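Chains as they are written, first to last, in the numbering used here: chain G, 59 to 442; chain R, 59 to 442.
Even glycine gets a Cβ: it sits at the ideal position worked out from N, Cα and C.
Since we're looking at a predicted model, the values are computed, not measured.
Protein chains: 2
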Amino acid sequence: MARAGYKDWGRCDLTYVELAEGTAVAGVFTRNVCCSSEVELGRIGVQQGRARALVVNAGNSNAFTGYRGREAVEAIMAQVAGHLGCPQDQVFVSSTGVIGVPLPKDKARAGIEAALLAEPCSWEDAANTIGTTDTFAKGAMAQAVVDGRTVTLAAIIKGSGMIAPDMATMLGYIFTDVAIAPAYLQELLSAANQRTFSCITVDSDTSTSDTVLAFATGAAGNQQINCEGCPGVDAFAAALEDVCRQLAHLVVRDGEGAQKFIAVSVTGAVSDDSARRVGLSIANSPLVKTAIAGEDANWGRVVMAVGKAGEPADRDKLSIGFGGTWAAREGQPLADYDETPVAAHLKGQDISIEVDLGLGEGRATVWTCDLTHGYISINADYRS
Amino acid sequence: MARAGYKDWGRCDLTYVELAEGTAVAGVFTRNVCCSSEVELGRIGVQQGRARALVVNAGNSNAFTGYRGREAVEAIMAQVAGHLGCPQDQVFVSSTGVIGVPLPKDKARAGIEAALLAEPCSWEDAANTIGTTDTFAKGAMAQAVVDGRTVTLAAIIKGSGMIAPDMATMLGYIFTDVAIAPAYLQELLSAANQRTFSCITVDSDTSTSDTVLAFATGAAGNQQINCEGCPGVDAFAAALEDVCRQLAHLVVRDGEGAQKFIAVSVTGAVSDDSARRVGLSIANSPLVKTAIAGEDANWGRVVMAVGKAGEPADRDKLSIGFGGTWAAREGQPLADYDETPVAAHLKGQDISIEVDLGLGEGRATVWTCDLTHGYISINADYRS
Numbered sequence: 059m060a061r062a063g064y065k066d067w068g069r070c071d072l073t074y075v076e077l078a079e080g081t082a083v084a085g086v087f088t089r090n091v092c093c094s095s096e097v098e099l100g101r102i103g104v105q106q107g108r109a110r111a112l113v114v115n116a117g118n119s120n121a122f123t124g125y126r127g128r129e130a131v132e133a134i135m136a137q138v139a140g141h142l143g144c145p146q147d148q149v150f151v152s153s154t155g156v157i158g159v160p161l162p163k164d165k166a167r168a169g170i171e172a173a174l175l176a177e178p179c180s181w182e183d184a185a186n187t188i189g190t191t192d193t194f195a196k197g198a199m200a201q202a203v204v205d206g207r208t209v210t211l212a213a214i215i216k217g218s219g220m221i222a223p224d225m226a227t228m229l230g231y232i233f234t235d236v237a238i239a240p241a242y243l244q245e246l247l248s249a250a251n252q253r254t255f256s257c258i259t260v261d262s263d264t265s266t267s268d269t270v271l272a273f274a275t276g277a278a279g280n281q282q283i284n285c286e287g288c289p290g291v292d293a294f295a296a297a298l299e300d301v302c303r304q305l306a307h308l309v310v311r312d313g314e315g316a317q318k319f320i321a322v323s324v325t326g327a328v329s330d331d332s333a334r335r336v337g338l339s340i341a342n343s344p345l346v347k348t349a350i351a352g353e354d355a356n357w358g359r360v361v362m363a364v365g366k367a368g369e370p371a372d373r374d375k376l377s378i379g380f381g382g383t384w385a386a387r388e389g390q391p392l393a394d395y396d397e398t399p400v401a402a403h404l405k406g407q408d409i410s411i412e413v414d415l416g417l418g419e420g421r422a423t424v425w426t427c428d429l430t431h432g433y434i435s436i437n438a439d440y441r442s
Numbered sequence: 059m060a061r062a063g064y065k066d067w068g069r070c071d072l073t074y075v076e077l078a079e080g081t082a083v084a085g086v087f088t089r090n091v092c093c094s095s096e097v098e099l100g101r102i103g104v105q106q107g108r109a110r111a112l113v114v115n116a117g118n119s120n121a122f123t124g125y126r127g128r129e130a131v132e133a134i135m136a137q138v139a140g141h142l143g144c145p146q147d148q149v150f151v152s153s154t155g156v157i158g159v160p161l162p163k164d165k166a167r168a169g170i171e172a173a174l175l176a177e178p179c180s181w182e183d184a185a186n187t188i189g190t191t192d193t194f195a196k197g198a199m200a201q202a203v204v205d206g207r208t209v210t211l212a213a214i215i216k217g218s219g220m221i222a223p224d225m226a227t228m229l230g231y232i233f234t235d236v237a238i239a240p241a242y243l244q245e246l247l248s249a250a251n252q253r254t255f256s257c258i259t260v261d262s263d264t265s266t267s268d269t270v271l272a273f274a275t276g277a278a279g280n281q282q283i284n285c286e287g288c289p290g291v292d293a294f295a296a297a298l299e300d301v302c303r304q305l306a307h308l309v310v311r312d313g314e315g316a317q318k319f320i321a322v323s324v325t326g327a328v329s330d331d332s333a334r335r336v337g338l339s340i341a342n343s344p345l346v347k348t349a350i351a352g353e354d355a356n357w358g359r360v361v362m363a364v365g366k367a368g369e370p371a372d373r374d375k376l377s378i379g380f381g382g383t384w385a386a387r388e389g390q391p392l393a394d395y396d397e398t399p400v401a402a403h404l405k406g407q408d409i410s411i412e413v414d415l416g417l418g419e420g421r422a423t424v425w426t427c428d429l430t431h432g433y434i435s436i437n438a439d440y441r442s
């Protein structure tokens with residue numbers, strides 16, 4: 059890591075990770091069509107499947123900066139590829155911070171020169187260096203036995219809501235020594251993403267730069283995973299999803315202004331995907347999120363959010379609960395509903411909302427945080 | 059109007075409107091699938107096209123109350139139909155307020171008995187009586203010359219955001235003396251709705267009870283409007299849309315915690331409908347709304363909201379402005395961007411955001427308000 063000085067702050071803001079030759083890479087990226095050049099070039103990079111280095115710039119997202127932004131990223135890729143003697147598309151670059159200001163090429167060049175000479179740093183230092191307005195360093199670890207070898211996953215992520223004042227982006231990086239074919243790593247990452255990062259929301263706003271990359275060096279020496287029936291594939295897939303879920307939860311816990319962590323579990327949907335969309339409609343509802351902030355068991359707002367989701371639902375089969383206690387069953391408030399355990403549950407920091415649609419076998423859990431005065435203060439009580 | 063006493067408040071909360079025989083009716087209703095029995099029965103009622111009476115209950119939305127809620131509405135319809143000697147489906151009922159508590163039948167019956175004996179009241183009194191947490195009475199008037207006759211439209215609406223603490227619903231009623239066939243009134247109302255009520259958002263949350271009804275008595279004596287080429291149809295359609303837009307703007311101006319009224323104009327989209335969806339993505343973005351609250355010309359957040367809308371957009375053709383001043387053109391910040399006029403514009407109460415997608419001829423304007431500490435206070439600093 060190094061100090062590129064993208065902002066006027068006395069901290070490291072450029073992270074450089076060198077990867078062993080032959081490292082497999084997979085990635086998932088924002089679907090925001092106004093995405094940054096980093097995201098465009100990263101999408102191209104993962105197609106060839108190999109990575110030698112990762113560079114993360116903090117303090118400037120380089121998004122919506124036109125051809126000048128793209129040139130800045132290509133200059134970084136060329137500089138690192140020259141140093142390592144590798145193809146340029148094996149260098150992955152992410153940037154996070156203000157939108158609309160081209161990344162300064164001179165600062166990036168000097169920062170990378172310094173980083174190439176720097177001592178290796180800890181995971182925690184790296185997690186701090188990729189952060190912007192994050193309030194704590196976020197990392198996760200997991201292990202799995204694959205083909206008789208213990209493989210390890212280490213991961214870091216940044217993000218505090220989809221965005222902080224003028225600062226955007228969730229960036230996550232997973233590093234593992236497992237031997238795996240790039241295409242299969244991509245398949246496992248995409249599947250894990252669907253049940254983890256795609257199931258969190260802080261404020262419904264989708265960054266222009268969101269990126270999660272997984273790098274696998276192969277140093278563990280297991281027989282390469284390249285098919286569904288390969289030895290240890292299930293164990294590795296579970297460990298990968300475990301790490302992704304840990305990272306995803308950390309982002310929500312550091313959500314802007316968040317005081318409570320909320321799990322929304324939807325069952326009885328017509329499909330898992332439909333359940334996820336109903337869950338996100340609840341998790342994105344300002345009225346549900348403010349009710350939880352106010353420790354108010356306002357299940358009528360949950361009904362409203364189910365109904366507006368645009369997914370199959372039948373009002374007269376719908377059941378709503380908090381913390382394992384049903385408040386309404388099959389379209390009506392429970393006659394003997396005792397709010398005491400619900401009120402006690404809502405006073406805690408970890409909240410669960412249960413919704414049963416009563417239609418099918420589809421299920422999903424999504425995670426969010428409450429909407430508080432803190433969110434308004436961070437995003438409105440402020441002039442750029 | 060009368061005091062049904064749906065809540066413990068010393069005010070009128072039941073509005074009764076008697077309509078001349080032969081009055082045509084049209085309506086648009088919430089798409090929330092968890093809608094109230096009032097909405098279900100109203101949808102059936104407008105199909106036969108005639109109305110003799112309207113009853114509006116304030117203080118209880120009667121939503122999510124199962125068969126008991128439906129019985130309460132049917133009892134009101136039967137009571138009024140018996141009094142007027144008309145078919146039951148010509149009586150329209152709306153309710154607004156707490157979700158999940160069946161409307162008390164005895165209070166409704168006594169309230170209607172009192173209302174049938176009451177003196178006629180002013181439009182302003184009626185607007186106050188249908189309100190819940192609204193902070194002012196909302197009404198609109200327009201006139202048009204149709205077939206040589208001056209026809210008048212008078213309208214009232216309630217709503218302060220989609221919802222207030224435990225209180226839901228936008229309810230709007232338009233009364234006119236024009237002679238028009240019910241099917242054609244429905245066609246004109248649906249078209250006006252698409253460009254007015256469907257283009258406003260306070261908090262993206264869709265009530266379970268939203269209803270707009272238009273009643274036309276025919277007393278103006280014009281040749282009945284029943285076709286596209288009928289005399290005066292364009293003048294009447296324009297007056298109807300004018301009234302709908304006035305009402306829609308009043309709801310946004312009374313949005314929970316609102317300090318600024320925001321018009322988002324989208325041009326250059328592939329279609330009008332696509333432009334409307336891009337506009338709503340911007341108008342629903344918590345980050346755009348908090349930026350306006352903070353008087354911050356944060357056009358990067360507008361870029362983000364365009365990109366997440368799921369509609370055709372090309373980052374490199376996108377232009378963003380505030381109050382008529384471009385901040386970014388064709389995918390890049392303007393080199394000579396002077397923020398002075400934009401900063402002055404954002405200090406005002408009426409804000410405009412201009413977005414040009416540069417793709418086609420589609421255009422739309424949507425209206426919203428800013429997101430402030432007031433919204434959080436109303437919805438979170440509160441226990442039911």
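Are the Cβ atoms of residue i and residue j separated by less than 8 Å?
i              : j              : result
G80 (chain R)  : G326 (chain R) : no
R61 (chain G)  : G155 (chain G) : no
V324 (chain R) : A422 (chain R) : yes
A195 (chain R) : E177 (chain R) : no
A236 (chain R) : N280 (chain R) : Here the sequence assigns Val to residue 236 (chain R), which means Ala is not the residue at that position. Closer than 8 Å, so yes.
F443 (chain G) : G158 (chain G) : The requested residue 443 (chain G) does not occur in the structure, where chain G is confined to residues 59 to 442.
L305 (chain R) : A198 (chain R) : yes
G127 (chain R) : S152 (chain R) : no
I215 (chain G) : L308 (chain G) : yes
E353 (chain G) : L404 (chain G) : yes
G358 (chain G) : D374 (chain G) : no
A111 (chain G) : V131 (chain G) : no
L175 (chain R) : H141 (chain R) : no
T266 (chain G) : C70 (chain G)  : no
V424 (chain G) : C257 (chain G) : yes
A202 (chain R) : A296 (chain R) : yes
Q146 (chain R) : A133 (chain R) : no
T187 (chain R) : S218 (chain R) : no
Based on the DSSP secondary-structure assignment, which residues constitute the bridge partners of residue i?
i              : result
Y231 (chain G) : G:I214 and G:L271
F319 (chain R) : R:D408 and R:C427
E76 (chain G)  : G:A111
V151 (chain G) : G:V113
P391 (chain G) : G:A386
T81 (chain R)  : R:A109
D71 (chain R)  : Paired residue(s): none; D71 (chain R) is not in a bridge.
Assuming residue i and residue j are in contact, meaning their beta carbons sit under 8 Å apart, how far apart are those beta carbons, in whole angstroms?
i              : j              : result
K318 (chain R) : C427 (chain R) : 6 Å
A116 (chain R) : Y64 (chain R)  : 7 Å
A278 (chain R) : R207 (chain R) : 5 Å
A213 (chain G) : A82 (chain G)  : Rounded, the Cβ-Cβ distance is 15 Å, inconsistent with contact.
K366 (chain G) : N90 (chain R)  : 5 Å
V360 (chain R) : I411 (chain R) : 6 Å
R302 (chain R) : N251 (chain R) : Residue identity check: residue 302 (chain R) is Cys in the sequence provided, not Arg. C302 (chain R) to N251 (chain R), Cβ: 7 Å. Contact.
Q244 (chain G) : V97 (chain G)  : Not confirmed; about 16 Å, so no contact.
Worksheet item: Which residue spans inside the segment 89-136 of chain R form an unbroken alpha helix (DSSP H) run of at least 4?
Response: If we require 4 residues or more, the alpha helix (DSSP H) runs fully inside the segment 89-136 of chain R come out as 95-106.
Item to complete: Output, in sequence order along the chain, the residues in the segment 257-273 of chain G whose CB is closer than 8 Å to any CB in chain R.
Response: D261, S262, D263, T264, S265 and T266
Worksheet item: Just by C-beta distance, which residues in the segment 135-166 of chain G are closer than 8 Å to chain R?
Response: V156, I157, G158 and V159
Item to complete: Using a Cβ-Cβ cut-off of less than 9 Å, list which residues of the segment 322-351 of chain G approach chain R; keep chain order.
Response: N342, S343, P344, L345, V346, K347, T348, A349, I350 and A351
Worksheet item: Given a limit of 8 Å on CB to CB distance, which residues of the segment 281-308 of chain G reach chain R?
Response: none
Practice prompt. Can you check the segment 175-201 of chain R for any alpha helix (DSSP H) of at least 4 residues that lies completely inside it and give the ranges in chain order?
Written response: 181-188
Practice prompt. Run through the segment 336-373 of chain R for me and flag every whole alpha helix (DSSP H) of 4 or more residues, listed as ranges in chain order.
Written response: 344-351 and 357-365
Worksheet item: Using a Cβ cut-off of 9 Å, which residues of the segment 385-396 of chain G contact any Cβ in chain R, in chain order?
Response: A385, A386, E388, G389, Q390 and P391
Worksheet entry | beta strand (DSSP E) runs wholly inside the segment 245-312 of chain R, at least 3 long, in chain order | 269-274
Discussion item. Any C-beta of chain R within less than 9 Å: which residues of the segment 409-430 of chain G qualify?
Written reply: D428, L429 and T430
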